[in-house]
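To start, the structure itself, in structure tokens.
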Amino acid sequence: MATTINRAGDLLDADFMTRLERLDVVSRRIFAGRMKGERRSKRKGQSVEFADYRNYVVGDDLRFLDWNIYGRLERLFIRLFFEEEDLHVSVIVDASGSMDYGDPSKLDYVRRVAAALAYIGLVRYNRVTVTGFGSGYGPEVAGVRGRHLVGRVLDLLVAMGPAGAGRLTEACRQFAIRHPQRGVVVLLSDFLDKAGYEPGLRYLVGRQYDLYAIQVLSPQEIEPDLRGDLRLRDVEDGDIAEITVTRALLNRYRRNLEAYSRQLRDFCTRRGVTYMFTSTAVPFDQLVLNYLRRRGLLK
Amino acid sequence: MSFAAPWTVPALAAALTVPPLVLLYFLKLRRHERPISSTLLWLQAVQDLRVNAPFQKLRNNLLLILQLLIVATGVLAVWEPMHAGAGRLEQATVFIVDASASMSADEGDGRTRLDIAREEVLRLIDRLGESQRAMVIAFADRARVLAPFTDNRAELRRAVESIRPTDAPGRLAEAIALANAHASKAGEATDADQRIARTAHLLFTDGRLADAGGVSLEHGTLEVIRIGRATENVGIVNLDVRRSHEQPVRVTVLARVRNFGARSVSRDVQLLLDGRLRDVRRVEALAPAAAPEELSGTAADRPASEGSSLPVAFELDLDTGALVEVRLSGADALAADDRAFAVVTPPQALSVLVVTPGNRFLRQLMNAMPLAGRTFWTPQEYEQAPEEKLSDNGRSRFDVVVLDGHSTERLPAGNYIFLGGVPLIDGVEQTGKVEGEPFLDWDDTHPVLQHVSVPAIAAASWYKLRLPPEARTLIESPSGPVLALLRRERSQYLISAMGLFDETRTALNTTWVFHEGFVAFMYDGLRHLAGATTAGRRPSVRPGEAFTVPARPGTSSVTVRRPDGTSETVEVRGRGEVIYGRTDRVGFYAVSPALDGDETRAVNLLDEGESLVAPAAGLQIASGAVEISGTDRVTRRPLWPALLLGLCGLLLIEWLVYSRRVLV
């Protein structure tokens, strides 16, 4: 399927970007960032928002002593404030051969979604990492922050083409190794990996990311419009399946797809991963503006 | 190699199975290729369907079972099984029943082969469907359509029941020609609404048909149903009765007895004169003709094995005519060849008139011959002789008239030998003279020439003869016949274009007169013409052949008494002859009144082909070998065509099952 994305403007138009600026990535967990950000951290720190008191112990920063309480009670208390930290927002894009399928192309679709999420992250001064994978890990833009780097991220996504047989497990493993910081991780894939999706997700779950697994399928995969005697060739590994399309076979396929997605959802749910399913038939702006907000990834 | 099934069966099978197979084959090859994001779910779906399909285990084995069935069907087909049920009949069937002598062979259960054949045909007729038609042809030496194509079973049954045994030899050609004629398009045109699309000819025979090799079938198929199992038979295959040249009252009866069976036998040979036993000879230990398993493949014309054929001779004095019968004692399969018949004429002394200007060779020869009377006239005396001295009631008073160098038209009915002259009758002419030519061909089997060495004859010249077509040439030169025999009405002319003297009668034209061959020629010629050709007996005929007897002048019909005791009235033909052709049984046929009182003729089988009763293993006709099926063919039919059809069907199913396993 030929891509329709040849430049950054094809990913996100200005109007849509304006609408995205009102959104923010939500993390169900509060993570420690490296730098102070726009986000209240779980850690007590140096923000302006008071959190609590605790007894002074030797070594505490004397600047945080509450002298008013010492005057009244003659006891040393340290004032604790909510720390405001930056958030790691990572988007892992499946750019394997199987994603270059459907109308519209799944790869185009996920790149647009990734661009939107990255844009929101950058605008909100989060640390944004965008990683693609196909037969190998990458390309990647890691830990970028600030609106001025939007262009770099979008360029990466524009350049991200279908790249052979997807190796989800290996990509997840590499990501987990390279990005130990906790944060929001959005995995965009069709999850149609013959090696299975479970090991890869386990690597990510093991890092305790706030993980979102978004399964993207094309309408042609959800309701195949196949007919007659066919040799189906897997675009990734060239595997052949000879079929004669019958009603029974189509029904069986649909049931299998449903079961596959359900298993993925169950797998994710049991491990605290948020699973989302979408078809490329759903306009991606609706997905971002409505669906992801409803599911709590954005607010 | 022969094919029991018509060509339409394999054609139909191929038409039904090959196109679908090829279609499936091409369908599989032409599977369109489509790229897909992942075959993961499709493979799973295919696998699921396979696993969840009902009777999946059975399906796995179904292919095996099918393949086993295919192999079993093939093996069974190679085994050539026969269906033990009712045989199938075609839309149009011709029942051809052999009623020849060998079909009268007794099968030991009181039935003859013809009885069995009739029963089989009747059984088939009962199984004819409403729209099926059949015809019945019976044949021996001649064939007869007993019922033309009809669906009237009663008529067919009557036709079959009317088949009577004969002692005639079996000749298939005429029967097949009749069948061809009825099955031909011309035959169909007479009955346009009942088209004979395909005709099956069912031939019921023991396979002993001498002329089968020259027979070819133009329409339909030929199936031969072999009738009979009996093999043991001893028969008289030759009978020769002759009077001695020197002592006319001495009669020698020479019979040849041959064993056609597989067992050694001994038999008594009886000689009966006028129905009374006169003598008996014992034939000891006739050797078997062949081993039992070889009998079916034995051809009738194969020389008899050593010791299986023995001559039996009787000698007796007989100064009158008599009916001679040679009879074999004991019973065997065929009765018709256990008896042989001959009519011995009274010793006949010839009265000969020699018309010659003077020929001392002829005179001495005639004087030396045992003749009742000899008269020598000159040509002038012959021409001037009063009619009553020459003829009596239009017939010559002499048994034979020899005309030496004289041509004449004064020829009352009689027997004539022309030496260097011709009878001046219609169609016979002397057209010139031939000198220094060799003899080209001659018939030394003819009684007149049987003791003559033709190459030894040297002659300076002879007349060029022009003869009517019915004349039989005995010696032929490049320019025409030299010696010929012409029968016309009640006269016989033995014409030699070669005279004994030249035209001047001063020099010999040939040295033949000095050879003993000339003596033999004259003697045999006289006896042959005088009707004593075989020295004392009238020629016998084979069953089915006609014989001719001169009728008494003035009679319009005669009575023929047949061997079975029945009598038949036969009209006299225009030439004053009685021709009788219903000689279907062996024995004596007495004609009365004939020219000289009653006249009896003998009818003998004397046919080794018919006496060899062992059913033939195969039948070779001009259009190819025909496999003979057994006597119970009617209830046995080869199943391999059906098996082959089943095999094709199984292959198709197997292919479908295999294909579904791959596809779904």
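Same order as they appear, the protein sequences are chains A and B. Residue 1 is where the first sequence starts when you use our numbering, and the numbers rise one by one after that. Residue 1001 is where the second sequence starts when you use our numbering, and the numbers rise one by one after that. Ideal Cβ positions, reconstructed from N, Cα and C, are used throughout, including at glycine. Note that the structure is a prediction, hence the values are computed from the model and not measured.
Per-residue burial, residue 1241 of chain B [other beta carbons within 10 Å of its own, 16 or more giving buried]: It is buried - the Cβ of residue 1241 of chain B has at least 16 other Cβ atoms within 10 Å.
Counting only C-beta atoms, is residue 139 of chain A closer than 9 Å to chain B at any point? Residue contact check for residue 139 of chain A against chain B: no CB pair falls below 9 Å.
When burial is assigned at 16 or more other CB atoms within 10 Å of the CB, is residue 1679 of chain B buried or exposed? Past the boundaries of the shown model lies residue 1679 of chain B; chain B is included only from 1001 to 1664, so the question cannot be answered.
What span of residues does the beta strand (DSSP E) with residue 206 of chain A cover, start to end? According to the DSSP assignment, residue 206 of chain A belongs to no beta strand (DSSP E) but to the alpha helix (DSSP H) extending over 198-206.
Show which residues of chain B have a CB atom less than 8 Å away from the CB atom of residue 155 of chain A. Contact note: residue 155 of chain A does not reach chain B at a C-beta cutoff of 8 Å; the least C-beta distance is about 26 Å.
Buried or exposed: which applies to residue 258 of chain A, given that a residue is buried once 16 or more other Cβ atoms fall within 10 Å of its Cβ? Its Cβ having fewer than 16 others within 10 Å, residue 258 of chain A is exposed.
Residue 1193 of chain B at chain A interface by Cβ criterion, 9 Å: In this predicted model, residue 1193 of chain B has a pLDDT of only 41, less than 50, meaning its place in the structure is not dependable enough to derive any value.
By DSSP, does residue 1440 of chain B sit in helix, in strand, or in coil? For residue 1440 of chain B, the secondary structure class from DSSP, reduced to helix, strand or coil, is coil.
For residue 1440 of chain B and residue 1476 of chain B, believed in contact at Cβ under 8 Å, the rounded distance: That pair is a contact at about 5 Å.
Write down the C-beta distance between residue 183 of chain A and residue 123 of chain A rounded to the nearest angstrom, noting that I regard them as a contact closer than 8 Å. Rounded, the Cβ-Cβ distance is 16 Å, inconsistent with contact.
Using a Cβ-Cβ distance under 9 Å, would residue 1224 of chain B count as near chain A? Closer than 9 Å: no.
Residue 236 of chain A: contacting residues in chain B (beta-carbon distance under 7 Å): Against residue 236 of chain A, the close residues of chain B are 1038, in the order they occur along the chain (beta-carbon pairs closer than 7 Å).
Applying the 10 Å Cβ sphere with the 16-neighbour rule, what's the burial state of residue 1622 of chain B? So residue 1622 of chain B ends up on the exposed side.
With 16 as the cutoff for other CB atoms within 10 Å, does residue 1256 of chain B come out buried or exposed? By the neighbour-count rule (16 or more Cβ atoms within 10 Å), residue 1256 of chain B is buried.
Helix or strand or just coil, what does DSSP make of residue 1580 of chain B? Annotated three-state conformation of residue 1580 of chain B is strand, per DSSP.
Please check if any C-beta of chain B sits within less than 9 Å of the C-beta of residue 300 of chain A. In the structure as shown, chain A starts at 1 and stops at 299, and residue 300 of chain A therefore has no counterpart that could be examined.
Ends of the alpha helix (DSSP H) at residue 67 of chain A? Residue 67 of chain A: member of the alpha helix (DSSP H) spanning 67-73, first to last residue.
Mapping DSSP to helix, strand and coil, what is residue 92 of chain A? Strand.
Please state whether DSSP places residue 1501 of chain B in a helix, a strand or coil. In the structure shown, residue 1501 of chain B sits in a strand (DSSP, three-state: E or B).
Note down, in chain order, each residue of its chain lying with its Cβ closer than 6 Å to the Cβ of residue 1209 of chain B, except the 5 sequence neighbours on either side. Hits under 6 Å: 1170, 1172.
Suppose contacts are defined by Cβ-Cβ distances below 9 Å. Is residue 1347 of chain B in contact with residue 1249 of chain B by that definition? It is a contact, given that the beta carbons lie within the stated cut-off.
If the cut is a Cβ gap below 7 Å, which residues of chain A does residue 1044 of chain B touch? For residue 1044 of chain B, the residues of chain A that pass the 7 Å Cβ criterion are 256, in the order they occur in the chain.
In terms of DSSP beta bridges, what is residue 1243 of chain B paired with? Answer by DSSP bridge pairing, in chain order: B:1251.
Return the CA-CA distance between residue 1280 of chain B and residue 1273 of chain B, expressed in angstroms with no decimal places. Taking the Cα positions, residue 1280 of chain B is about 12 Å away from residue 1273 of chain B.
Between the region 1564-1581 of chain B and the region 1539-1551 of chain B, can you find at least three pairs of beta-carbon atoms closer than 8 Å? Flag = yes, the region 1539-1551 of chain B and the region 1564-1581 of chain B touch.
Contact belief for residue 222 of chain A with residue 276 of chain A at Cβ below 8 Å, rounded distance in angstroms: In fact, because the Cβ distance is near 15 Å, the residues do not count as touching under 8 Å.
Relative to chain B, which residues along the region 205-224 of chain A have a C-beta separation below 9 Å, given in chain order? Residues 217, 218, 220, 221, 224.
Give a yes or no on whether the minimum CB-CB distance between residue 198 of chain A and chain B is below 9 Å. Not an interface residue.
Residue 229 of chain A lies in the beta strand (DSSP E); which residues open and close that run? From DSSP, the beta strand (DSSP E) with residue 229 of chain A extends over 229-234.
Could you confirm whether any beta carbon from chain A is found closer than 9 Å to the beta carbon of residue 1654 of chain B? False, the Cβ-Cβ gap to chain A never drops below 9 Å.
Kindly say whether residue 1032 of chain B, judged by its beta-carbon, lies nearer than 9 Å to any beta-carbon of chain A. Closer than 9 Å: yes.
Close beta carbons around residue 1523 of chain B, own chain, < 7 Å, minus the five adjacent residues each side: Residues of the same chain with a CB within less than 7 Å of the CB of residue 1523 of chain B, apart from the 5 flanking positions on each side, are 1369 in chain order.
Measure from the alpha carbon of residue 1448 of chain B to the alpha carbon of each residue in B:1310, B:1521, B:1111, B:1584, then state which is nearest. Residue 1448 of chain B has its Cα closest to that of B:1521, out of B:1310, B:1521, B:1111, B:1584.
If you draw a straight line from the alpha carbon of residue 231 of chain A to that of residue 105 of chain A, how long is it in whole angstroms? Roughly 22 Å separates the two Cα atoms.
Got a sec, what are the start and stop residues for the beta strand (DSSP E) residue 215 of chain A sits in? 210-217 is the span of the beta strand (DSSP E), which, as asked, contains residue 215 of chain A.
When you compare the CB of residue 109 of chain A with every CB in chain B, is at least one pair closer than 9 Å? Answer no: the Cβ-Cβ gap between residue 109 of chain A and chain B never drops below 9 Å.
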